[in-house]
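Peer 1: Residue numbers (our numbering): -3 to 567.
Heads up, the beta-carbon is just placed ideally off N, CA and C, and yes, glycines get one too.
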Amino acid sequence: GTRLGFTIDNGKIHNVSLGQGQEVVAEHAMEVAAAEGHWVILQNIHLVARWLSTLEKLVEHHSLESHPEYRLFMSAEPAPSPETHIIPQGLLDNSIKITSEPPTGMRANLHGALDLFNQETLEQCSKESEFRCILFALCYFHAAVAERRRFGTQGWNRSYPFNNGDLTVSVNVLQNYLEANAKVPWDDLRYLFGEIMYGGHITDDWDRRLCRTYLSEYVQPEMLDGEVSLAPGFMIPPRMDYEAYHQYIDDNLPGESPHLYGLHPNAEMGFLTVTSDRLFRTVLELQPKESEAAGGSGVSREEQASQAVLDEIIQQLPDPFNMEEMMGKAKEKTPYTVVALQECERMNILTNEMRRSLKELDLGLQGELTITSEMEELSNALFYDNVPESWTRYAYPSLLTLANWYADLLLRIRELEVWSTDFVLPATVWLAGFFNPQSFLTAIMQSTARKKQWPLDKMCLAADVTKKTREEITFPPREGSYVHGLFMEGARWDVPSGSIADARMKELTPEMPVILLRAIPVDRMDTINVYECPVYKTRTRGPTYVWTFNLKTKEKAAKWVLAGVALLLEA
């Protein structure tokens, strides 16, 4: 604009930031500019959804017989999902579209982080070598935390809006602290960066641990001697000039891979599998809904498929548990018995809802009832092999398709049937088979507390991984319980060494051997050479957190924190 003689100062650019009440200002600016050949910039048009149809008409109106130098620029944020697109198609069709995409990959992100500074920045601190060293490490840290988001929940449990401001403010703080202290205050700096600047965005405790671990690995006194590597084969460079740092990145940064973020290459496979699965599911849902009436019977392909699935589910669905009879059988209300009764009750609620909704839909498909929107949603879910929303409300978290989910449900019911016949604890318990696994884990502590007269609030669970599979366990342990059906993501369990080891390629969630869970006093808990491993119900992580198991490790626990290692109850 300046080069062509258009500036805000000479009145040839009208800059309008849209929001409440700014529509009139924008309309006036467009009228003046169209007549006199000025430029108009309308910012954040997504904030005025109701006015967009008017804007579309104005753009069309002013495109005819307006001044040849009249130009209109508009900016908007991308919509978070396809359903929330509000920009009229006419505006999109008639404009030249430019999207500002964040850089992808470590190299682009690292160059982008370094571009926020210049040679003057490097020279403004009296402790030059310390300042430059930590600045470079911070740029790498910033690139790593931003780019780690693309690995889904194995990267971060939740997605956080880390931005360039976090990095520039951190560098200002770094300069102030180095100037104010004779020695480098390492702990203070790590706390400020990890708990306040970046940690201020973070709401999940496990993500906060990850952020702290990155900083303790990257920002430490050894970095000044060039002994700290930011990624395998990529050391913190010696004191250099600004341009030389850019050159150092181009010459020495290894090729793009999950290793650059401390993750295993399997993390990328998992993330790409989920993405392609979502893509194919979307393509399937875009198929035309109505097919030609099958054989002239007027029944659509969807309805035929839904009817077949519906019949199959109803045929296999077992009868509900007889709670009165079970209450009578359970003479002694031990913690385990209470858990079994609660689980049977919740299973009844779920199966009753399934039976009710399926019978209702059956009558609807046969024309005996009017099809409601709820029935239609159920029918669509059965057709697309999704678990219906009306069932998930009463169910447990799961990412399985309907066919697998139903097979899994029948296994859970069978497990409960076996347990509730005599209420004797099975030799090994399928931990994933519970609606509420926490209640069973608490029951282990309660029964030990009663037996040994220990206070419950001074106890914790010790997880000892055995060398046995489920089939090899024939008797329950004298104390605690054996559990099976857990999977490890991000690493694997090495049976011979009895510790966590690097995952094998293409084995995304290897199964764990049977684990013995015992309740012990907190002060007897092993804290040396262990990794505090979170246990989640599904790959969604975050809200599906169950417990923390301390697992043995021969390597530094930090390695497994950066690799996002967790135990899952559903592979």
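(1) Who are Phe230's beta bridge partners in DSSP?
(2) If you run the structure through DSSP and keep just helix, strand and coil, what is Ile4?
(3) Let me check you understand the geometry: is the CB of Asp237 closer than 7 Å to at least one non-hydrogen atom of the ligand GDP?
(4) Please give me, in chain order, every unbroken run of the alpha helix (DSSP H) with length at least 4 that falls completely inside the region 336 to 406.
(5) Would you kindly work out how many angstroms separate the C-alpha atoms of His24 and Asn11, rounded to a whole number?
(6) Cutting at 7 Å between CB atoms, please list the residues of its own chain near Gly195, excluding the five before and the five after it.
(7) At which residue ranges does the region 168 to 216 contain complete alpha helix (DSSP H) runs of 4 or more residues, listed in the order of the chain?
(8) On a Cα-Cα basis, can you pick out the residue from Glu252, Val425 and Asp184 that is closest to Leu513?
(9) Do Cys121 and Phe127 have their C-beta atoms closer together than 8 Å?
(10) In three-state terms, what does DSSP make of Lys548?
(11) For the beta strand (DSSP E) containing Asp490, name the first residue and the last one.
(12) Which residue marks the beginning of the alpha helix (DSSP H) containing Pro433, and which one marks its end?
(13) DSSP state of Leu14, grouped into three classes?
(14) Does the distance from the CB of Leu427 to the CB of Leu547 come in under 8 Å?
(15) Does the separation of the CB atoms of Leu357 and Leu405 fall below 8 Å?
(16) Between the region 101 to 120 and the region 519 to 534, can you find at least three pairs of beta-carbon atoms closer than 8 Å?
(17) Please classify Leu88 as buried or exposed, where buried requires at least 16 other C-beta atoms within 10 Å of its C-beta.
(18) Whether or not the region 343 to 351 and the region 310 to 317 are in contact is what I'm after, with contact meaning three or more pairs of Cβ atoms, one per stretch, closer than 8 Å; do they touch?
(19) Once the 5 residues before and after Trp47 are set aside, which same chain residues still bring their CB inside 7 Å of it?
(20) Would you report the Cα separation of Val224 and Glu551, rounded to the nearest angstrom?
(21) So, with DSSP's three-state summary, where would you put Gly292?
(22) Where does the unbroken alpha helix (DSSP H) through Ser59 begin, and where does it stop?
(23) Would you mind working out which of Phe230, Thr444 and Leu38 sits nearest Asn248, comparing C-alpha positions?
(24) If I'm right that Phe158 touches Ala139 with Cβ under 8 Å, what's the distance once you round it to whole angstroms?
(25) Pairing CB atoms from the region 365 to 383 with CB atoms from the region 317 to 333, are three or more of them under 8 Å?
(26) For the alpha helix (DSSP H) that contains Ala142, what are its first and last residues?
(27) Identify every residue that forms a DSSP beta bridge with His480.
(28) Assuming Met322 and Cys340 make a contact with CB atoms under 8 Å, what is their CB distance in whole Å?
(29) Just to confirm, are Met180 and Leu188 a CB contact at a threshold of 8 Å?
(30) Leaving out the 5 sequence neighbours to the left and right, which residues in its chain are closer than 6 Å to Glu264 when beta-carbon positions are compared?
(31) Using the three-state DSSP reduction, which class does Met613 fall into: helix, strand or coil?
(32) Look at the alpha carbon of Trp556 and the alpha carbon of Ile37, and state the distance between them as a whole number of angstroms.
(33) Grab me the residues of Leu421's own chain with a C-beta within less than 7 Å of its C-beta, minus the 5 sequence neighbours each way, in chain order.
(34) With a CB to CB cut of under 8 Å and the five nearest residues on each side skipped, what residues in its chain are close to His197?
(35) Can you check which of these residues, Asn382, Leu563 and Thr388, is closest to Thr278 by C-alpha distance?
(36) Would you give the residue range spanned by the alpha helix (DSSP H) that Val557 belongs to?
Peer 2: Considering the structure as presented:
(1) Ala227
(2) coil
(3) Absence of the ligand GDP from the depicted structure is noted, as is the absence of any ligand whatsoever, leaving it without description.
(4) 369 to 380 and 385 to 388
(5) 12 Å
(6) Arg204 and Cys207
(7) 182 to 187 and 201 to 214
(8) Val425
(9) yes
(10) strand
(11) Arg488 to Asp490
(12) Pro433 to Lys448
(13) coil
(14) no
(15) no
(16) no
(17) exposed
(18) yes
(19) Glu19
(20) 17 Å
(21) For Gly292, the pLDDT reaches just 47, beneath the cut-off of 50, and the residue's location in the model is therefore unreliable, although a value from the coordinates is still provided. Three-state result, Gly292: helix.
(22) Leu48 to Ser59
(23) Phe230
(24) About 10 Å separates the two Cβ atoms, so there is no contact after all.
(25) no
(26) Glu124 to Glu143
(27) Trp426
(28) 6 Å
(29) At residue 180 the sequence reads Val, which differs from the Met that was named. Not in contact: Val180 and Leu188 (Cβ atoms no closer than 8 Å).
(30) Pro254
(31) Missing from the structure shown is residue 613; the chain here goes from -3 to 567 and no further.
(32) 49 Å
(33) Tyr332, Pro472 and Ser477
(34) Tyr156, Pro157, Phe158 and Asp162
(35) Asn382
(36) Ala553 to Leu558
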